[in-house]
Structure formats: structure tokens, C-alpha cells
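Data block below; observations after.
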Amino acid sequence: MMIKPSIDIKKKLLFLLFALEIVLVALLGRVFYIQAFMGPDLQARAYEQQTRDRLITPERGSILDRNMVGLALTETVASVSVIHSQIINEEEVAKVLSDKLEMDYNTVLTKVSKKVALERIKTKVEKGVADEIRALNLPGVAVDEDIKRVYPYSTLASQVIGFVGKDNQGIIGLESKYDKYLKGESGKILTETNVIGQEYPQSRSYREDPIPGNDLVTSLDVLVQQFAEQTIEKTIEVKGAARGAIIVINPQNGEIYAMANKPDFDLNDPFTINDEQLAAVWDTLDDKEKSDSLNQMWRNFSLNDTYEPGSTFKIVTSAAGLEENVVDINSPFSCSGSVAVGGRQIKCWRYPRSHGGETFLQGVENSCNPVFMEVASRLGAETFYKYLIKFGLNVKTGIDLPGEASGIMYKPDKIGPVELATMSFGQSITITPLQLLRAAAATVNGGYLITPHIGTQLLDDDGNIVETFSYEKGEQVISKETSETMKVILQSVVFSGTGHKTYIPGYRVGGKTATSEKLPRRSGKYIASFLAFAPAENPQVMALVLIDEPQGIYYGGTVAGPVMKELLENVLPYLNIKPEYLEEEMSMPEAVRVAVPDVRGLKVSDAKKILTDAGLKVDTQGEGDIVDSQFPLPGETVNYQSKVVLYLQSLSEET
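Read left to right, the sequence shown gives residues 41 to 695 (my numbering).
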């Protein structure tokens, strides 16, 4: 007789079946979740356990000048690593690698003995050495592709270009700023392995090619940079100066042709200090002292440091006065040698002599401090401060280089009569050289603020344009009429005033000199500077020369004026800016045009004689006995006493 289950048992049975169904549904849901959502991740983990990968360093993009000349390039080298689980004889591997790589045996043995998946022994191994190691087929030794950054011009624009570290990451300069474009993406070599990391006898390797970085095209010009560096380096040596800088820029669009800072350093050896006295005690310094010294050497003081600009700042005061109609070219002034302001006697640079009666134009030509104090007084502190802001002197210029500083100035409520007076001629305010250039460019380009910049385009591996960087013309801070007047005034400074040592026949050059006393006052240390542009009627080039702590004579017009003249005499013809001679200039030797002789293939001594006899100056690049090429090219007509650059090769390199 069958016993019917009781109601309680049926309930328990139903509950159990229901619970089993829930569990089954949960398991099915879990399986679906794992398959649909966790599958790719679990598959990747399994693949990672079953393979070993070694990264392939991508080729870093080149940094090029505006004419596609390489400033930073990449060479293919190799890296040598060991896979501990595959090594048979640690001592043998350490002995071979230490010999081939010229490393200490114990150092290599320590690395070889590390029980890690992959240990790097040495990077940047030359191809020949790497091929020798690869040919030995040592178990556990891996030779992979690597890259080495090289800088063909060594010290050229070192603080601007920057360099890379051991991991090929940009450290300073353009290498750092554009690192994300230059670095590319790493590739991989994947090898099938067992659970302890050993390769199977018949294991296969898979390769994922690296993606090279983009090339960076810049506004820099190698020849203009060389002209600037040679000129400032010679001046620093002659004047015993602490340092110097030259910046060359297009005032219309902000493109920087050159930014030379001296002293500099070797980009191919950036961790070797360039100061002989410091180098002699280098081993006695602690890590912080070494780091501080290196950072100081790498510092781009054209944009990282501020200074009191002195009389070059009178350009801003002049433009503000003209724009606000508190002065015009013929406004009368009188200089007695000093002015009493707020109970303080502020002197003209000519004190105890004076300039006497003069117009505003003559006051600018004479760089007369009392004239500018009066202009600022007429403007008033509030309006004067408004123009400091309009000219962007309180903010960074936005240049595409790291570490830019910005100006330091009084707040409006702190500008009393004395502060207003001293600020009018470039004291009691500190700005960067680049901020000064940006403000000065606005005074002569129609009144527009520009963004100084170096990067212009990105190219792919085939040379196609990937991206073009755009820099829009900024706010108009003064009228076109005021800008035209400023060009006339500043041209007069060079033609008749304190900047006369920069006068170049055939070129209308405008500019302003400055002699800035460094803080603290009465230190006896000065910065001589000169800001100039040409041609004055349509400025295409603007340059700033700074000479820090020149010994002996330190006046801007006397010290920096000839430097600017030499620079522009080379740069203007090179940039194809043609001279236009006034009638009275036609009889000058500089007005004579000379056809450049062809000296290619000649010995240097013969080439120099031919060029000198033709009335030309000579500069050589490289080492050797034979002229390989020249600039300007043969047959071009240039000014008398223009410089011809000869690129040399040794006799042994002739074909």
C-alpha cells in the first residue's frame, strides 16, 4: 500500500525544487556573465600566463627645423636582457655579456642572477656588438631592438630642443612639450611558454610592430640659430660676461627663428656639467647639489627668468602715451638732469648733465628718463597699469616650451608717484625677455598681441602632414595709427639716437637700447640689451640681445648695439629681405653688391682667399680641408662684406 506524502513533505519538496531551479538559473546566469562579459579579460589573462612578452621601443619622431633639417634624430640600436628561467649557466652568461658590453662582471652577474621574468642588462647597445651577442645563441639572452636619440648639432639650441632620459621620455624643451606626439607606441615580441616561463621546444613567436612617433616641424632655422649663437658666444667671451641670449622672432605671427642661450650644454651628453670649476669638485657634491646644478645648466633663461628690462620698456610707455593722446611726436619736454618725485630725486642717465629742451621724438632718441616719467604721470597709475595688462605683461606668453615665468609688478593700489615714475623707464617691474618681445611686436605689427611659438606641424612616418598647429592673432592693444608712429620713432632711435651702432645701410632698422642695473641696486652689475626690428616699414624680423654682467663698458648701445648689427647683417640677407639704399647711402661700401664665387671642392685656404678678395666675410662649419658646400649658393648677389658659410669635409672623405 502506497503511503501518500504528507502536505509538509510536498511543501518541502517543492521548496527544494524551487531552490534548485534558482541555483541552476544563477549558475546559468554566471556562465553567461563569464562568457559574455568576463570572457575577453579571462582570455587575456590566460594568454598572458601562456606567453612572455618583450617590449620593442618605438622610433621616436624627429625634431626638424623649418627647412626639414634634423635637430633631433633617432638611430636604431639594441637592448640586451636576460630571462632567468631560461638561463643554463649564470656565470658563463655573465662572463660573455660583461666582456661584450664592457661592463663590470659582478654587476652583470647580479643582474643575471635575479629571479625575475626579464632583467635588462644594457640599453643603447651598438648594432655590431648586438649582432655578436645574438650570434652566440646563449640560452636566456634576448637581444631586442632599441633606439638612441642623437643631436647632430650637439649644443645648438640645447635649452630649447631638450633631450630624453633612459626611457626615451622627453626631459626638457621641445622633447618634453611634444613628448606625446614624438614618443610613438611600443611594440611586443610574444613567445609561448610553460607555467614556469620556459619556452616550449617548438614554441612560436609573434611580433606586434611598434608605431613610430610623429616628426615635429619647427619654426627654428639652423643657420639663423648658428648666427645667433656664434654672435652671442663671441660677445660673452670678449666682454667677460656671465651669460647672454639672443631671440629672433617674426613679429607678425610669433614664429621663433632662433633662441640662443649661452652658456649651453651638449645634448648628446646632458648630464656632464659645463662649468670647469664645478666639474672639478663634482664628486664631492651631494645629490641635491648636483641636481640643482644640472637644472641651472638646462635652464632657458629667455623664458624661465625675469629681469628689469630698463629702457627697452620705454617702448610700452611710448605706445601707451601715444594711444591715449597725452603726447605726440612733437610734444615739448625739458630735461634738467633729474626730477623730484614723491620726495625722491630720480636722475636721468645723463646726470649731472642734461638733455635740455627736446621734443618727444628726441626724448625717445636720447632715452631720456624725465620724458618718460612725465608721460607716465600724464597717463596716471590706473591707465598706465591698464596698458601693462593689455600688453600681456602680467601673464605668460603661451609659448610651447615648459617652465615659462610671468612678470612681477605692483598691484594698482600700490603704485605711488615714485613707483609710477620708475616703472615708466623699466625699473620696479620684472618681466621675461619673451614677454618684452611680445609687447614690442604688438607696437610695430599694427597693434596685435602674438603668441610666440616654435612647433608648426606634425608629420607621419611617410612625411604626410598629420596636424598643423594654429596660433591666432590676439587682441589689438593699440591702433594701427599708433603702431605706424612707433615704427617711425623707433627707426629714428637707430638712425639718429642711442641705437646708431645698429645702423645698416640699405635697411631701415628700428629699435631701443637698454642698460639695466641688476638687483640689489648699486651692485655694480648690469644687463646690456638691444631690441631691434627690420625692415621698419614692414617688420619681418625682431630680435632681442641680452648680455648679462658685461665687464668694463656696460651700456646697451655700446655693448649690445654692435652685436645686433652683426646679427642682422647676416640674418636679413639670409631671409631674403632685400636692401633698399637711400641716395646718400649709394656711395657707401655696404651698398656694393657682390656675386658669390663658387668655391665648392676647393681647399679651405684657397676658398677663403677668393671670398676675401671678393669683399666677403667667411665662416666655416665642421672640420676638414675641403669645401663640401656653401651658403649663399654660387652666383647669388649679396651685400659687400656679407658672410659666406663654408661646410667642410676632410680630404679622407673625398670620393
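We treat Cβ as the ideally placed atom computed from N, Cα and C, and that holds for glycine.
Beta-carbon within less than 7 Å of I211's beta-carbon, same chain only, minus the 5 sequence neighbours each way: which residues are those?
Here the set comprises G202, F203, V204, G205.
Contact the stretch 436 to 448 vs the stretch 402 to 413: 3+ CB pairs below 8 Å
Contact annotation: the stretch 436 to 448 does not touch the stretch 402 to 413, with fewer than three C-beta pairs closer than 8 Å.
For V255, which residues does DSSP report across the bridge?
One point to set straight first is that residue 255 is Asp, not Val, in the sequence displayed. According to DSSP, which records beta bridges pairwise, D255 is partnered with L499.
Classify L57: buried if its beta carbon has 16 or more other beta carbons within 10 angstroms, exposed otherwise.
Counting Cβ neighbours within 10 Å, L57 comes out exposed, since fewer than 16 surround it.
Terminal residues of the beta strand (DSSP E) in which D287 lies:
The sequence shown places Ile at residue 287, rather than the Asp named in the question. Annotation for I287: the continuous beta strand (DSSP E) segment containing it runs 283 to 289.
Touch check for the stretch 551 to 566 and the stretch 491 to 504: three-plus C-beta pairs under 8 Å?
The stretch 551 to 566 vs the stretch 491 to 504: no contact.
Grab me the residues of A285's own chain with a C-beta within less than 6 Å of its C-beta, minus the 5 sequence neighbours each way, in chain order.
Within the same chain, Cβ atoms closer than 6 Å to the Cβ of A285 are found at N301, S342, L586, the five residues on either side in sequence being excluded.
Locate the alpha helix (DSSP H) running through Q670, then write down its first and last residues.
Q670 -> not in any alpha helix (DSSP H); beta strand (DSSP E) instead, spanning 666 to 671.
Output yes if chain D places a C-beta closer than 8 Å to the C-beta of M337; else output no.
The structure shown contains no chain D, having only a single protein chain.
Coil, strand or helix - Q689 by DSSP:
Reduced to three states, the DSSP call for Q689 is strand.
When you compare only the Cα positions, how much space is there between K274 and V366?
The alpha-carbon atoms of K274 and V366 are separated by roughly 43 Å.
Hey, how far is the Cα of A481 from the Cα of S351?
The straight-line gap from Cα to Cα measures roughly 16 Å.
Assuming P303 is part of the beta strand (DSSP E), what are its boundary residues?
First-last for P303: undefined, no H or E at that position.
For L586, report the span of its beta strand (DSSP E) as first-last.
Start and end: 581 to 588.
Proximity below 8 Å, CB of T346 to CB of I448
Closer than 8 Å, so yes.
For L27, write down the residues that DSSP places opposite it in a beta bridge.
The structure shown does not extend to residue 27, since the chain is modelled only from 41 through 695, so no value can be given for it.
Output the distance between the C-alpha atoms of Q209 and E99, rounded to the nearest integer angstrom.
Between the alpha carbons of Q209 and E99 lies a distance of about 12 Å.
Can you tell me whether Y73 is buried or exposed, with buried defined as 16 or more other CB within 10 angstroms of its CB?
Y73 is exposed by the Cβ-count criterion.
Can you list, in chain order, the residues of its chain with a C-beta nearer than 7 Å to that of T660? Leave out the 5 residues immediately preceding and following it.
Within the same chain, T660 has close Cβ partners V644, L686, L688.
Please go through the same chain and pick out, in chain order, the residues whose beta-carbon is closer than 6 Å to the beta-carbon of P252, but skip the five residues on each side of it.
Within the same chain, P252 has close Cβ partners P98, E99, G224, D501.
Which class does N679 belong to by DSSP, given the choice of helix, strand or coil?
Of the three classes helix, strand and coil, the one that applies to N679 here is strand, per DSSP.
Locate the beta strand (DSSP E) running through V117, then write down its first and last residues.
For V117, the enclosing beta strand (DSSP E) begins and ends at 110 to 122.
Exposure of P452, with buried meaning 16 or more beta-carbon neighbours within 10 Å
Answer is exposed; the Cβ neighbour count stays below 16.
Exposed or buried, what is P579 when buried is set at 16 or more other beta-carbons lying within 10 Å of its beta-carbon?
It is buried - the Cβ of P579 has at least 16 other Cβ atoms within 10 Å.
Segment limits, alpha helix (DSSP H) that includes Y193:
The continuous stretches of alpha helix (DSSP H) do not include Y193, and DSSP gives it neither H nor E.
Need the endpoints of the beta strand (DSSP E) that I62 sits in, please.
From DSSP, I62 is part of no beta strand (DSSP E) but of the alpha helix (DSSP H) over 47 to 73.
What is the rounded straight-line gap between the Cα of F573 and the Cα of I567?
Rounded to whole angstroms, F573 to I567 spans 20 Å at the Cα level.
On the premise that A461 lies in contact with V411, defined as a C-beta separation below 8 Å, what is that separation, rounded to the nearest angstrom?
Actually they do not touch by this definition, with Cβ atoms about 12 Å apart.
Quick one: residues in its chain with C-beta nearer than 8 Å to the C-beta of E577, no 5 flanking neighbours on either side, listed in chain order?
Only K527, R548 meet the Cβ criterion.
Minimum C-alpha distance to S378 - residue among G396, G361, K188:
Distance from the Cα of S378 is smallest, within the candidate group G396, G361, K188, for G396.
Quick check on Q670: buried or exposed, where buried means 16 or more other Cβ atoms within 10 Å of its Cβ?
Flag for Q670 reads buried.
Tell me whether S46 is buried or exposed, calling it buried when 16 or more other Cβ atoms sit within 10 Å of its Cβ.
With fewer than 16 other CB atoms across the displayed protein chains lying within 10 angstroms of its CB, S46 is exposed.
Could you check if I289 is buried or exposed, using at least 16 other CB atoms within 10 Å of its CB as the buried criterion?
Counting C-beta atoms within 10 angstroms of its own C-beta, I289 has 16 or more neighbours from the protein chains shown and is therefore classed as buried.
Unbroken beta strand (DSSP E) run spanning L401, endpoints
For L401, there is no enclosing beta strand (DSSP E); the enclosing alpha helix (DSSP H) covers residues 400 to 406.
Can you tell me the Cβ-Cβ gap for D184 and A134, rounded? I've got them flagged as a contact below 8 Å.
With a Cβ gap of about 19 Å, D184 and A134 do not count as contacting.
What are the partner residues of V181, as DSSP defines its beta bridges?
DSSP output for V181 lists V122 as bridge partner(s).
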